[in-house]
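In order, the protein sequence lines correspond to chains A and B.
Numbering-wise, the working numbering comes out as the position in the first sequence, counting from 1, plus 43.
Numbering-wise, the working numbering comes out as the position in the second sequence, counting from 1, plus 843.
Shown next, in structure tokens, is the structure this report addresses.
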Amino acid sequence: NAGVTQTPKFRVLKTGQSMTLLCAQDMNHEYMYWYRQDPGMGLRLIHYSVGEGTTAKGEVPDGYNVSRLKKQNFLLGLESAAPSQTSVYFCASSYADVYYEQYFGPGTRLTVT
Amino acid sequence: AQKITQTQPGMFVQEKEAVTLDCTYDTSDPSYGLFWYKQPSSGEMIFLIYQGSYDQQNATEGRYSLNFQKARKSANLVISASQLGDSAMYFCAMREGQVRGAQKLVFGQGTRLTINP
């Protein structure tokens, strides 16, 4: 039981490049989330999904796209990376009927130069 | 306006002492949930404790307790008998709206707690 995993752990991009971050969970959670954490700040919600094939915008969705083609996976895409997207990205997941906890992945540290 | 405010950027406490980390929140929704997470230097987010807006009693989980004062809109985390391993960033977070549904958490800026031996 790996919980929530994220791939890759680290990545350096040049401005304008694209990439996809993969989040996978093996707990059969219905809900999945992407957050970003900038230095010295708390996490901010980018996008989330309440089920396979559904996605919705969070607090800071601009510049990102997401997809959830399979229940266990949630992908975060950056089509044209900008230095402002330098951050640590966390994926999380939760059960639909358990309202008091999200399980977080280990994070992906992304640097855009 | 910030929905979650943590006014203590850093705190230093002697080992074995109790420590209180402050959190105030702002919402007009009668249904909400308050969370505390710990983030050690390794970076992962560790869930500590949860308090629902309709819960009558303060939440407790081992050495952690949540001092919930609804009228004052505060949800302070109390750690009893602090240990060196408690040194970390601590985040308060809030979920507004119904219990069921996506937990769209809003986080505070965090408090860095350092436990001195």
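The beta-carbon is built from N, C-alpha and C at its ideal position, and this holds for glycine as well.
Just so you know, these numbers come straight off a predicted model, no measurement behind them.
Per-residue DSSP class, three states only, for residue i
i               : result
serine 923/B    : coil
glycine 876/B   : strand
serine 127/A    : helix
glycine 928/B   : helix
cysteine 866/B  : coil
glutamine 80/A  : strand
lysine 881/B    : strand
asparagine 71/A : coil
tyrosine 907/B  : strand
arginine 955/B  : strand
glycine 59/A    : coil
glutamate 939/B : strand
serine 871/B    : coil
Where residue i meets chain B, residues with beta-carbon distance less than 7 Å
i            : result
serine 137/A : Gln946
leucine 88/A : Lys947, Leu948
Partners in chain A for residue i, counting only beta-carbon separations shorter than 9 Å
i                   : result
phenylalanine 890/B : Tyr143, Glu144, Gln145, Tyr146, Phe147
glycine 953/B       : Gly83, Met84, Gly85
tyrosine 893/B      : Tyr142, Tyr143, Glu144
Buried/exposed call for residue i, threshold 16 Cβ in 10 Å
i                   : result
phenylalanine 878/B : buried
serine 61/A         : exposed
tyrosine 78/A       : buried
arginine 915/B      : exposed
phenylalanine 855/B : exposed
phenylalanine 147/A : buried
asparagine 108/A    : exposed
methionine 70/A     : exposed
aspartate 929/B     : buried
Closer than 8 Å at the beta carbon, the chain B residues around residue i
i                   : result
tyrosine 91/A       : Ala945, Lys947
phenylalanine 133/A : Met888
glycine 101/A       : Lys947
glycine 46/A        : Simply none; closest approach about 10 Å.
Proximity of residue i and residue j at Cβ, strictly below 7 Å
i                 : j                : result
serine 136/A      : histidine 72/A   : yes
isoleucine 922/B  : arginine 906/B   : yes
glycine 876/B     : arginine 938/B   : yes
asparagine 1003/B : aspartate 865/B  : What is shown of chain B runs 844 to 960, which leaves residue 1003/B out entirely.
tyrosine 868/B    : isoleucine 847/B : yes
Interface flag, residue i vs chain E, CB-CB below 7 Å
i              : result
tyrosine 897/B : The structure shown contains no chain E; its protein chains are A and B.
Contacts of residue i in chain A (Cβ-Cβ under 8 Å)
i              : result
tyrosine 933/B : Correct list: empty, because the minimum Cβ distance to chain A is about 10 Å.
Listed by chain order, chain B residues near residue i by CB distance under 9 Å
i               : result
methionine 70/A : The contacting residues do not exist; methionine 70/A stays about 14 Å from chain B at best.
tyrosine 74/A   : Gly944, Ala945, Gln946
glycine 150/A   : Gly886, Glu887, Met888
Partners in chain A for residue i, counting only beta-carbon separations shorter than 7 Å
i             : result
glycine 876/B : Tyr142, Tyr143
**OP:** Any chance you could list the beta strand (DSSP E) runs of at least 3 consecutive residues sitting entirely within the region 77 to 120 of chain A, in chain order?
**Re:** DSSP assignment within the region 77 to 120 of chain A yields the following whole beta strand (DSSP E) runs of 3 residues or more, N-terminal first: 86 to 94, 97 to 100, 108 to 110.
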